[in-house]
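I have placed the structure first, in the form of structure tokens, so that the comments after it can refer back to it.
2 protein chains.
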Amino acid sequence: MTDPSANTSPDDTDGDATPSPSFDVSEYSETEQQIFDAALAEFGRKGKDGARMQAIADSAGINKAMLHYYFRGKDQLYADVFRHTMQRFMASFGASLTEAPTFEETLRAFIEGYVSFVRDNELCVRLIVSENLAGGTLVAEHVRRMKTTEGAPPRVMVDRIQAAVEDGDIRPVDPDHTILSIVSTCIFFFAMRPTVEVLHEDAGDWDAFVTSRTEHIFELIYRGLAPR
Amino acid sequence: MTDPSANTSPDDTDGDATPSPSFDVSEYSETEQQIFDAALAEFGRKGKDGARMQAIADSAGINKAMLHYYFRGKDQLYADVFRHTMQRFMASFGASLTEAPTFEETLRAFIEGYVSFVRDNELCVRLIVSENLAGGTLVAEHVRRMKTTEGAPPRVMVDRIQAAVEDGDIRPVDPDHTILSIVSTCIFFFAMRPTVEVLHEDAGDWDAFVTSRTEHIFELIYRGLAPR
DNA sequence: GACGATTTCAACCAGGTGGTTAAACCGTCC
DNA sequence: GGACGGTTTAACCACCTGGTTGAAATCGTC
């Protein structure tokens, strides 16, 4: 009997972190994809500990035993979902990095692309933040491998900022801190959505808030980086 | 038999959200305080679902049954811990709001105070973010009550920013968005600590990183708010 | 020191959890 | 048809979890 859970390997073999924005895990069968989606939803909403295998099975419209047939168990399933989510996340990071004539446009495109990705993939964000909060044993390896990869998105962004500094487009700043600040402002309010929604509950719907927030972030960061 | 779990009420009766920086829940007995600390540690590290009552009991050096004797059960205990954590958090928010002659100094004091509080109370932050991620049913009521309170820290901060706008110290900005951005940059890197530590693992120890980050945040925000 | 109230404990329980198993199903190739 | 591989299912299990119990130890007080 060929072990179907061997489908975890194909993605591991590749050393490239191609920032292709596509995600749908191609090697996955229809059933596996359904399981995967259900698992992402459950893990993203409840966290690893709060998630119930039964709920995932129900949501995927299959028997609970199938989960252990396709994925070895909860840990495996979670690790798989997390790995793909991480990849998707990194891909979006790269996809938001467009080639633009000015740094201003580059920054604007990045922020807008990043926020819209986060808006459309809230579950991914929740999963990643959740894992970080819970200790992040899985985070370490993925981030480390991504960091050392040559053409990886974060490195590209660092280079972009450094180039802007040398060109005098922005004042001298630490690129790492700067990226962290941008990402913070773009992600944090999604992670804290319940709080934010209460604070701004009289200020229109969520989508409108996200839009105004995008503009605010760009203005703040861009001016904050302006040369003296 | 007087129900000891009635100790949940004394804090509820007060309508004030006095931003006193003190925290030690005075009405708590020594045992209760031990339980409380152990619970905060466990909940903060593992989240509500991941936390184990047995672990809390062990950590507090007491029998598991005591938890149900002093607090009704897991839900009660969690709610209590969360409520006090929320209060402590809001208190720190107010404590960081000092009276300073210039807006620049006010902002610097706030950022430094806030970051140092977060550094010294990482568990509190993790608990709050964790609760937000997990749906935040508890968040809503606390935030709502805090929002409507007149002298509450966030409102004070809003007024402070608005005054600075009117005085021409900073450009016209949405105070809510601005506060959210400040808080994001000050908190997010703590919530994502595992990731951040890997990315900057060759850049000295954590404390040094926090220090440099504080300076970076201030520079970025202050310049980002500068009048045209 | 007796007595009642409070605090502590070991043992126990019901329910839910992840995980397993053995049999049934189903298309396909001989 | 029937053997065979991958797939699906219902029933089942061991274990862990939060929660309970009733009795024993401890404390305050008269």
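The listed protein sequences correspond, in order, to chains W and F. Just so you know, we're using numbering that gives the first Met the number 0 here: the first sequence kicks off at 0 and counts up by one. Just so you know, we're using numbering that gives the first Met the number 0 here: the second sequence kicks off at 0 and counts up by one. Positions of the beta carbon are idealized from the N, C-alpha and C atoms, including for glycine. Nothing here was measured: the structure is a model prediction, and the numbers come from that model.
Buried or exposed for residue i, please, with buried defined as at least 16 other CB atoms from any protein chain shown within 10 angstroms of its CB.
i         : result
W/Arg-143 : exposed
F/Asn-120 : buried
F/Glu-98  : exposed
W/Ala-207 : exposed
F/Thr-147 : exposed
F/Asp-175 : buried
W/Gly-150 : exposed
F/Glu-165 : exposed
W/Asp-79  : buried
W/Ala-64  : exposed
W/Glu-140 : exposed
W/Glu-104 : exposed
Mind listing the chain F neighbours of residue i? Cutoff is C-beta to C-beta under 9 Å, in chain order.
i         : result
W/Asn-120 : In chain order: nothing, as chain F lies at least about 15 Å away.
W/Met-191 : Ile-127, Val-128, Asn-131, Leu-132, Gly-135, Val-138, Leu-179, Val-182, Ser-183, Ile-186
W/Gly-49  : Gly-46, Lys-47, Asp-48, Gly-49, Ala-133
So which residues of chain F does residue i contact, with C-beta pairs closer than 8 Å?
i         : result
W/His-83  : Near W/His-83 there are no residues of chain F at all, since even the closest Cβ is about 17 Å away, more than 8 Å.
W/Val-195 : Leu-179
W/Arg-107 : Here the premise fails: no neighbours, minimum Cβ distance about 15 Å.
W/His-215 : Val-172, Asp-173, His-176, Thr-177, Ser-180
Is residue i near residue j, with beta carbons less than 9 Å apart?
i         : j         : result
F/Val-172 : F/Leu-224 : yes
F/Leu-137 : F/Gly-43  : no
F/Ala-94  : F/Tyr-77  : no
W/Pro-100 : W/Gly-167 : no
F/Phe-92  : F/Ala-163 : no
W/Tyr-221 : W/Arg-107 : yes
W/Thr-210 : W/Ile-110 : no
F/Leu-219 : W/Leu-66  : no
Since residue i contacts residue j with CB under 8 Å, what's their CB separation in whole angstroms?
i         : j         : result
W/Thr-84  : W/Leu-132 : The Cβ separation is near 15 Å, so there is no contact.
W/Val-117 : W/Val-124 : 5 Å
W/Met-59  : W/Gln-33  : Note that residue 59 of chain W corresponds to Ala in the displayed sequence, not to Met. Right, the Cβ-Cβ distance comes to about 5 Å (below 8 Å), so this counts as a contact.
F/Met-145 : F/Leu-96  : About 14 Å separates the two Cβ atoms, so there is no contact after all.
F/Tyr-69  : F/Glu-29  : With 8 Å as the limit, F/Tyr-69 and F/Glu-29 do not qualify as a contact, their Cβ atoms being about 12 Å apart.
W/Ser-180 : F/Ile-216 : 7 Å
F/Pro-193 : W/Gly-135 : 3 Å
W/Ile-178 : W/Pro-153 : 7 Å
F/Gly-46  : W/Asp-158 : Going by Cβ atoms, the distance from F/Gly-46 to W/Asp-158 rounds to 37 Å, so no, they are not a contact pair.
Run through chain W and tell me which residues come within less than 9 Å of residue i, C-beta to C-beta.
i         : result
F/Gly-223 : Glu-218, Leu-219, Ile-220, Tyr-221, Arg-222, Gly-223, Leu-224, Ala-225
Starting from the beta carbon of residue i, find every residue of chain W whose beta carbon is closer than 7 Å, and list them in chain order.
i        : result
F/Lys-73 : Here the premise fails: no neighbours, minimum Cβ distance about 13 Å.
Counting only Cβ pairs nearer than 8 Å, list the residues of chain W close to residue i.
i         : result
F/Asp-175 : Leu-198, His-199, Ala-202
F/Arg-212 : His-176, Leu-179
F/Lys-146 : Val-197, Leu-198
List, in chain order, every chain F residue whose beta-carbon is nearer than 7 Å to that of residue i.
i         : result
W/Val-142 : Thr-194, Val-197, Leu-198
Do the segment 72-81 of chain F and the segment 174-190 of chain F touch if we need at least three Cβ pairs shorter than 8 Å? no
Check whether the segment 201-217 of chain F touches the segment 193-210 of chain W, counting contact only when three or more Cβ pairs, one atom from each stretch, lie closer than 8 Å. no
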